[in-house]
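Peer 1:
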Amino acid sequence: MRIADLVTASFLMLLGAIVVFDASRLGVGWSTDGPKSGFFPFWLGVLLIAACAVILVQAARRAGLAPFVTRAQAGPVLKVLWPAVALVVLTQWLGLYVSAGLYTGFYMRWIGRHSWLAVLALAILFPLATFFIFEKWFLVPMPKGPLEAWLGQ
Amino acid sequence: MGIENLLLGFHVAITPYNLFVAVVGITLGTIIGVLPGLGGANGVAILLPLTFTMPPTSAIILLTSLYWGALFGGAITSVLFNIPGEPWSVATTFDGYPLARQGLGGQALTAAFTSSFVGAFFSIVLITFFAPLLAEIALKFGPPEFFAIQLLTFSSFVGLGGGSPLKSLVSILLGFILAAVGLDIVTGQLRMTFGLVDLMKGFDFIIAVIGLFGIGEILLSVEEGLSFRSARTGMNLRVVLDTWRILPRYARTFVRGSFIGFWMGFKPGGATPASFMSYAFAKRFSKHPERFGHGELEGVVAPETAAHAAGVAAMLPMLTLGIPGSPTAAVMLGGLIIWGLQPGPLLFKERPEFVWGLIASMYTGNILGVLMVLAFVPFFAAILRIPFAILTPVIVVVCAVGSYAVHSNMIDIWYMVIFGLVGYVFKKLDYPLAPLVLALVLGDLAENALRQSLIMSQGSLAIFVTRPIAGAITAVALLFFALPVLTPWWRRLRGAVVPAQGAS
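What follows is the structure in structure tokens.
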């Protein structure tokens, strides 16, 4: 926990430094018609660095025994995280509906060990329902891929 | 005058279409409240893009109804599954879950819903009378006053929010920094984009909410294993009526909880401390404090009444000042701006049918809500018996759809994943997420108020102290900011050990 605290605070400090750097490029002072663009971000960045510095000192002083995440906890978290990332990558190539079907089906089979019939049914029905609710009913377009192009949507 | 306006509001709220919208909102909201990983703020954020084509009044009724539903749904998971969906439901689990374990889940749920309703109703009545007055006062506010109120909003997270004050401050700063990314509308310059086109549009709060609260919450909740626990409801009409016969005994607790909730609630982040405070008071004044924590019905009534009174009271500053009191209210405020409405006191003058329609819909929404959840609890609880391997991908896909729908931009889904990871890490390290979201929504408004104030004063910060109203608010805000430093010092001075608030 202590190391994660230190890393996060250091990272946020770096972020603060970037903000201050960019703000000074824009000008942090006073122009003819009021504060310059960098004025507000500059002070945000300065405060962020200061606050993170104190957090760093506090965390460094404390003895942290509990790990940020145990091996037993990391497993399930990754089992949720990487398929979700895969969904996003697939969406870029195949569109949302096909990816959602593949993702749901894969997850049901892999984690839930559901029967192939249930997997197939949901992997087809769920994206279809999403399609009709969002695309047709609310007229919100979703990313589409080759399948939708082939179907003429 | 107030009554006339309210009647006008009811004319708007009781049209068949708006009642239908309210029922849809409550149903969706309760489902969202029951589902792990989807809370009120999240549900409102996902549905927001779908409301762009609706009339604003119906849109806000849909979103607020969703919020009431989510509040009720949170009680279901707290009592039956010991999973507090929102931080202010934590105190409900102390006695709600033991009751459910003893087979009295039906009683606990009836008490929880009824208390929620009483607390919410109390706050709505107060809003009906106080909102126009507050809006009238706020009409005289200039930029310095609004900036002072913003300061007060964020100072209360630091001073009263509990947890680490420094980490709350970091969350606030981060929210403001993210809000500043992109085009500066005042000077037309690009800020913190570093030549990247994707950063020019900045970060949308909807995506931040979906990632931080949605994906982050799922990651956090699966740490204990890839499953959700379940229990029986034991709910029927007889249980409801029997519980209602007992509840008048707790009249004092209801009144106390409502007042604590309203008082804490219109300050940001107030619902959670309100629920704990109400629980602690109920325990202190009870004849059987030893029963608390082992399944005392009063231990469900107290926090639920206060939490919902606070949840509704959070709408008061959003309506009158344009300052949201909770993350969900913040998302709704963002919605108002998208629908082309200027949140703040002028709304009462310019769009009375919107404001009063919304206030009237709070009455109808809560009455419909309590009846619907009482009737359909087994149905809503059954949602959690859907296998984990189905529920998780469905929630993730819904989150992705909600993120993409905002701007039809692929990069937003990536932001959602990144915000999800940030949310997971921040939650584990005790960085509060609510102030980040509030700062992200209010960023531009706060910066403009600051700039205009400084232009008025030609660059002198004294303007926030010398104007009487702004000065008073700034003073309170500074006090709140200083509170984490002052409190230990004050305690040492008194030489007394102050017992920790809340319950163990």
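Taken in sequence, the protein lines are chains A and B. Under the numbering used here, the first residue of the first sequence is numbered 1, with each subsequent residue one higher. Under the numbering used here, the first residue of the second sequence is numbered 154, with each subsequent residue one higher. Even for Gly, the Cβ is constructed at its ideal location relative to N, Cα and C. These numbers come from a predicted model, not from an experiment.
#1: Give a yes or no on whether the minimum CB-CB distance between Arg-344/B and chain A is below 7 Å.
#2: Using a Cβ-Cβ cut-off of 6 Å (strictly less than) and excluding sequence neighbours within five positions of Gly-231/B, which residues of its own chain qualify?
#3: For Ala-288/B, which residues in the same chain have their Cβ closer than 6 Å to its Cβ, ignoring the five residues on either side in sequence?
#4: Do we get a CB-CB distance below 7 Å when we pair Ala-653/B with the residues of chain A?
#5: Between the Cα of Leu-372/B and those of His-164/B, Val-618/B, Val-578/B and Val-638/B, spot the shortest distance and give me the residue it belongs to.
#6: Measure from the C-beta of Ile-543/B to each C-beta in chain A and report whether the shortest distance is under 7 Å.
#7: What are the residues in the region 600-612 of chain B lying within 9 Å of chain A by C-beta distance?
#8: Given that a residue counts as buried once 16 or more other Cβ atoms are within 10 Å of its Cβ, and exposed if not, what is Asp-583/B?
#9: Given Ala-553/B, which residues of its chain have a CB within under 8 Å of its CB, disregarding the five upstream and five downstream residues?
#10: Using a threshold of 7 Å, state whether the C-beta atoms of Ala-23/A and Gly-34/A are closer than that.
#11: In terms of alpha-carbon separation, which member of Val-526/B, Leu-486/B, Ala-361/B and Thr-545/B lies closest to Ile-571/B?
#12: If Gly-192/B and Ser-218/B are in contact, beta carbons under 8 Å, what's the gap, nearest whole angstrom?
#13: Using 8 Å as the threshold, is the region 320-329 of chain B in touch with the region 39-53 of chain A, meaning 3 or more CB pairs across them?
#14: Give a yes or no on whether 7 Å exceeds the smallest Cβ distance from Ile-124/A to chain B.
#15: Can a CB atom of chain A be found closer than 7 Å to the CB of Pro-318/B?
#16: Tell me which same chain residues have a C-beta within less than 6 Å of the C-beta of Gly-95/A, skipping the five on either side of it?
#17: Where Thr-104/A and Val-547/B are concerned, what is the direct C-alpha to C-alpha distance, given to the nearest angstrom?
#18: Alpha carbon to alpha carbon, how far is Gly-518/B from Val-465/B?
#19: Whole alpha helix (DSSP H) runs in the region 216-276 of chain B with 4 or more residues, listed along the chain?
#20: Per DSSP, Arg-344/B is paired with what?
#21: Determine, using beta carbons only, whether Met-108/A comes closer than 7 Å to chain C.
#22: What residue from Lys-79/A, Ser-99/A, Gly-16/A and Leu-6/A has the CA that sits closest to Trp-43/A's CA?
#23: Exposed or buried, which one is Phe-126/A when buried takes at least 16 other CB atoms within 10 Å?
#24: Bridge partners for Gly-95/A per DSSP, in chain order?
#25: Taking C-beta pairs closer than 7 Å, name the residues in chain A that Tyr-170/B reaches, listed in chain order.
#26: Please report how far the alpha carbon of Leu-159/B lies from the alpha carbon of Glu-503/B, in whole angstroms.
#27: List the residues of chain B that Phe-40/A touches, going by C-beta distances under 8 Å, in chain order.
#28: Would you kindly check if the distance between the Cβ of Thr-346/B and the Cβ of Ser-411/B is under 7 Å?
#29: For the candidate residues Pro-401/B, Met-430/B and His-441/B, whose alpha-carbon lies nearest to that of Gly-414/B?
#30: Note down the Cα distance separating Gln-654/B from Phe-270/B, rounded to an integer number of angstroms.
#31: So the candidates are Arg-647/B, Phe-275/B, Leu-639/B and Phe-541/B; which of them puts its Cα closest to the Cα of Val-311/B?
#32: Any residues in the region 45-59 of chain A with a beta carbon nearer than 8 Å to a beta carbon of chain B? Which ones, in chain order?
#33: Run down chain A in chain order and give the residues with a C-beta less than 8 Å from the C-beta of Met-430/B.
#34: Identify which residue in Gln-342/B, Thr-306/B, Gly-226/B and Asp-395/B has its Cα closest to the Cα of Ser-479/B.
#35: What span of residues does the alpha helix (DSSP H) with Tyr-568/B cover, start to end?
#36: For Thr-32/A, does the count of other Cβ atoms within 10 angstroms reach 16, so buried, or fall short, so exposed?
Peer 2: In short, the structure shows the following:
#1: yes
#2: The amino acid at residue 231/B is misidentified as Gly; the sequence shows Ser. Pro-237, Ser-242, Thr-245, Thr-246 and Gly-249.
#3: Thr-473, Pro-498 and Phe-501
#4: Legend: pLDDT at Ala-653/B = 45, less than 50; position of this residue unreliable, value from coordinates given subsequently. It does not; no Cβ of chain A falls within 7 Å.
#5: Val-578/B
#6: yes
#7: Glu-600, Leu-603, Arg-604, Gln-605, Leu-607, Ile-608, Gln-611 and Gly-612
#8: exposed
#9: Ile-566 and Met-569
#10: no
#11: Ala-361/B
#12: No, Gly-192/B and Ser-218/B are not in contact; Cβ-Cβ is about 15 Å, not under 8 Å.
#13: yes
#14: no
#15: no
#16: Pro-143, Lys-144, Gly-145 and Glu-148
#17: 7 Å
#18: 12 Å
#19: 243-254
#20: Gly-335/B
#21: Protein chains in the displayed structure are A and B, and chain C is not among them.
#22: Gly-16/A
#23: buried
#24: Lys-144/A
#25: Correct list: empty, because the minimum Cβ distance to chain A is about 16 Å.
#26: 16 Å
#27: Phe-329, Ala-333, Glu-600, Leu-603 and Arg-604
#28: no
#29: Met-430/B
#30: Reliability of the predicted coordinates at Gln-654/B is poor, the pLDDT of 44 falling under 50, and the value obtained from them is presented with this limitation in mind. Each residue's Cα considered, the two are about 25 Å apart.
#31: Leu-639/B
#32: Gly-45, Leu-47, Leu-48, Ala-51, Cys-52, Val-54, Ile-55 and Gln-58
#33: The premise fails here: Met-430/B is roughly 28 Å from chain A at the closest Cβ pair, so nothing lies under 8 Å.
#34: Thr-306/B
#35: 563-581
#36: exposed
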